[in-house]
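Just below is one structure, and these are the notes that go with it.
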Amino acid sequence: MKLNLFKPLIFTCALILTSCGTYFNQPTDFQEARIGESTEATQSLSDLPLPKEPVVVGVYKFRDQTGQYKATENAGSFSTAVTQGATTILIKALEDSKWFMPIERENLSNLLNERQIIEKTRQVYRKTSNPDEPQLPPLLYAGILLEGGIVSYDTNIITGGLGARYFGIGSSTQYRQDRITVYLRAVSTSNGKILKTVYVSKTILSQALDASLFKYVNFKRLLEVETGFTKNEPIQLAVSEAIEKAVESLIVEGIKDKLWSPEISEAETQVLVDSYELEKEEDLTTELYNRFLTERRGKSAISASVGFTSMNGDFSSPELEFSARLGYKHNISEYFNLSIGYNRFNLANEGVFNDGFMSFDLNGEVNILPHDTFTPYVFGGFGTNAFNDFSSIDPKLQIGLGFEYLISNSIGLTVYGEHNYVFNDELDGLDVGKNDDMFYRVGAGLNVYFTQPKTKFNQNRILERQKKRELKELKKLNTQGLKDNRRASRVGTEEKNIEAKDEVQKEEKSEAEKIINIIDQKEQRKLNIKIMKEQRRAAKKAASEAKKNSKTIISTNKIDNDEN
C-alpha cells in the first residue's frame, strides 16, 4: 500500500519540477510598488543613434478604437479589453527614443486655462507692484502630428492543449493566443500631408498547466491531489511593446525618406536602414501564426538513410530486416523534385527464406509545404529490383509518404514509408496466387543540400557573412598594424633610451670633468696657498736673520767705538 501511494506522489512531484518556474514564484505576500517593467522594444528603441535635432511633435489622441469589452463567461462586463491610456504610453515611447520632443496636446484646454490664470495674475501684479513684469513666453508648436490608435484586438486566434490521464493520475496544459494591432502615422502641420504610416502587431499568450491525482489508497480512503497555475501576458506590456516598435519603425522610415537625420556617418546610417529593410521583408513574408514563407531548400541534395523492410508475399510471418539507402535529388521547382536512389536490403519470412536484394529507384517527389521547415511529401516512381547475385532483375513500382524537418539551412531530417510492388511472384521462391510479391520499407535519414536558394534573405545572410569576414580581416590587419606600431614604438623607444643614456653619460662625464676641474682648482689653490705660506715663512726667516746680522754689526761697531 505504501508503494502504491509512493509512485503517484513521485509522478506528481516530477510533473511540478519539470514545469515552469512560475509555480515556485507564487505571490504569498503584498508587494511594494516598483518602477514599470521594460520590454524588448524598449531596449531596441534606446539603442537607436541620436538625432541631429529632435522633432517637436504633438499627440492629441491615440486611443483604443476597437470598442471591445472584456469577455466573461457568466455575464457582461463594462471593462475594456485593452488599456485606455495609449496616448501616455506613446508619449513615453517618444521621450525614450530621444528623437522627438512631445508637447502637451491631449489636455490642451487645461494648459490654456492655466496660462490664462498666470497671465491675469501677472497683469494685476504689473499694475500694482512691478510694471516691468515680463510677458508669458509663447507655446511651442508642433511641426508634426502623430495620429492613429489601437485598431484591432482579436481574441482566441489560436487555442489548443494537451492532456493525459492514467489510472487516476493525469495532467493537462492549455494555451490561448490573442492579437493586438497598432497603426501610427506622421502628419505634417504645414500642409497636412501624411508623411509616413507604420503598422505593428503583437500576440498575447495565455497558458495554463495543471496536474491531478485521484487514487484509492485503501478500501475506504481516497487520495486527491490537484495543483497548477495559469500565466497571462499583461495586455498593457503588449500594447507598450507594439507602440514602441511602431515608434522605432517610424524613426527608421523617416531616416530612409530623409525626413530627419541621425548623428552618425552615412555608412552607419545605411547599415541601420538595411537592417530595418531586411526585418521588414521578413515580416512581410511571415504569415499569421508566425509562418515565415520563403524558399528554404537548395537545388541539389544527397540523401542517406537506414531502416527496415517487411515482406508481403506468399508466406506468412514476415520478419523485419535491415535496409540502407543512398540517393541524390534535384529540385525542379519549390514543390516538385526528382530523386534517384540505390538500396540494399534483405527480405525474410520466418523459417522459410532470407535473401539479400538491391534496387534502383527513380521517384518524383511533391513537397506539400515547401516554405516551412517541416513539410510532408509524397513520392512515387519506378525502378528495378534484383537479387544480390543478379540472378533475377525485375521492374517494380513504388509509392510512399515522408516527412522532412530542416534542422539548419543545409541539413534536413527525414522519415518515410513506402510500398513496393515487384512484377515478379518468385521473390520468396514460391509462385502462388494471382498477385505478384510486394514489400514495405520504412526508414530515417538525412538530406544534405549543397546550395542554398537564391532568396533575398539568403543573399543578405551571405552578405552579412562576407561583412563579418571582412570585419575579421580588418580586425586582423588593425591588430597586426597595432603590433607593428608597438614594435616600432618599442624600437624607437629603445633607440631613444640609448640616445638618452648616451646623453646622460655625456652629461655625467661633463659633470665629472667639471668636478675634477673644480677639485684640481681647489688642489692648485691649496698648493699655491702652501707655497705662499712657505715663501712668507722664508721671508720672515730671512728678515729675522737680517735683523740678527744687523744687530751683530751694530754691537760690533759699538765695541769698536768704545775701544777707540
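Count the sequence shown with this note's numbering and you get residues 4 to 567, in order. All C-beta atoms in this analysis are idealised placements derived from N, C-alpha and C, irrespective of residue type, glycine included.
{"Check": "Residue from Glu98, Ala167, Gly70 and Pro140 with nearest C-alpha to Tyr156", "Outcome": "Gly70"}
{"Check": "Simplified DSSP state of Arg300, which is helix, strand or coil", "Outcome": "coil"}
{"Check": "Beta-carbon proximity list for Leu449, same chain, < 8 Å, skipping 5 on both sides", "Outcome": "Ser306, Ala307, Ser308, Ile414, Gly415, Leu416 and Thr417"}
{"Check": "Beta-carbon gap between Arg108 and Ala89 smaller than 8 Å", "Outcome": "no"}
{"Check": "Assigned secondary structure, Thr482 (DSSP; H/G/I helix, E/B strand, else coil)", "Outcome": "helix"}
{"Check": "Any beta strand (DSSP E) of 3 or more consecutive residues that is wholly inside the stretch 328–366", "Outcome": "339–352"}
{"Check": "Cα-Cα separation between Lys550 and Glu516, rounded to whole angstroms", "Outcome": "49 Å"}
{"Check": "Ile254, DSSP secondary structure in three states", "Outcome": "helix"}
{"Check": "Reference Thr233; option with closest CA among Val242, Arg224, Gln210 and Leu226", "Outcome": "Gln210"}
{"Check": "Range covered by the beta strand (DSSP E) that runs through Ser191", "Outcome": "Ile172 to Ser191"}
{"Check": "Under 8 Å between C-beta atoms of Asp317 and Val451", "Outcome": "no"}
{"Check": "Proximity below 8 Å, CB of Asn370 to CB of Thr378", "Outcome": "yes"}
{"Check": "C-beta atoms of Val228 and Ser215 nearer than 8 Å", "Outcome": "yes"}
{"Check": "N-terminal and C-terminal residue of the beta strand (DSSP E) that Glu229 is part of", "Outcome": "Arg224 to Asn235"}
{"Check": "For Met314, the residue or residues it bridges with in DSSP", "Outcome": "Phe442"}
{"Check": "Limits of the unbroken beta strand (DSSP E) element including Asp375", "Outcome": "Taken as a continuous stretch (DSSP letters only), Asp375 belongs to no beta strand (DSSP E), as it is neither H nor E."}
{"Check": "Opening and closing residue of the alpha helix (DSSP H) in which Asp428 lies", "Outcome": "Asp428 -> no alpha helix (DSSP H), and no H or E assigned at all."}
{"Check": "Nearest-angstrom Cα separation, counted from Asn315 out to Pro321", "Outcome": "7 Å"}
{"Check": "Simplified DSSP assignment, three categories, for Val203", "Outcome": "strand"}
{"Check": "Nearest-angstrom Cβ-Cβ length linking Leu341 and His333, presumed shorter than 8 Å", "Outcome": "6 Å"}
{"Check": "Beta-carbon contacts of Gln239 that lie in its chain and below 6 Å, excluding the five residues immediately before and after", "Outcome": "Thr86"}
{"Check": "Beta-carbon spacing of Leu93, Ile246 below 8 Å", "Outcome": "yes"}
{"Check": "Rounded Cβ spacing between Leu53 and Glu266 (contact assumed at less than 8 Å)", "Outcome": "5 Å"}
{"Check": "Under 8 Å between C-beta atoms of Ser174 and Gly164", "Outcome": "no"}
{"Check": "Close beta carbons around Val648, own chain, < 7 Å, minus the five adjacent residues each side", "Outcome": "Only positions 4 to 567 of the chain appear in this structure, which leaves residue 648 out of reach."}
{"Check": "Residue environment, Lys504, which counts as buried when at least 16 other CB atoms sit within 10 Å", "Outcome": "exposed"}
{"Check": "Candidates Met535, Pro140, Lys218 and Ile121, of which the one nearest Arg168 by Cα", "Outcome": "Lys218"}
{"Check": "Inter-stretch contact (C-beta, 8 Å, three-pair minimum) for the stretch 145–152 and the stretch 111–129", "Outcome": "no"}
{"Check": "Alpha-carbon spacing of Phe363 relative to Ser326, whole angstroms", "Outcome": "13 Å"}
{"Check": "From Val445, Glu407 and Glu256, residue whose alpha carbon lies closest to that of Arg300", "Outcome": "Glu407"}
{"Check": "Proximity of Gln401 and Gly420 at Cβ, strictly below 8 Å", "Outcome": "no"}
{"Check": "Spatial distance of Ala44 from Lys248 (CA atoms)", "Outcome": "6 Å"}
{"Check": "CB of Gln180 within 8 Å of CB of Thr206, strictly", "Outcome": "yes"}
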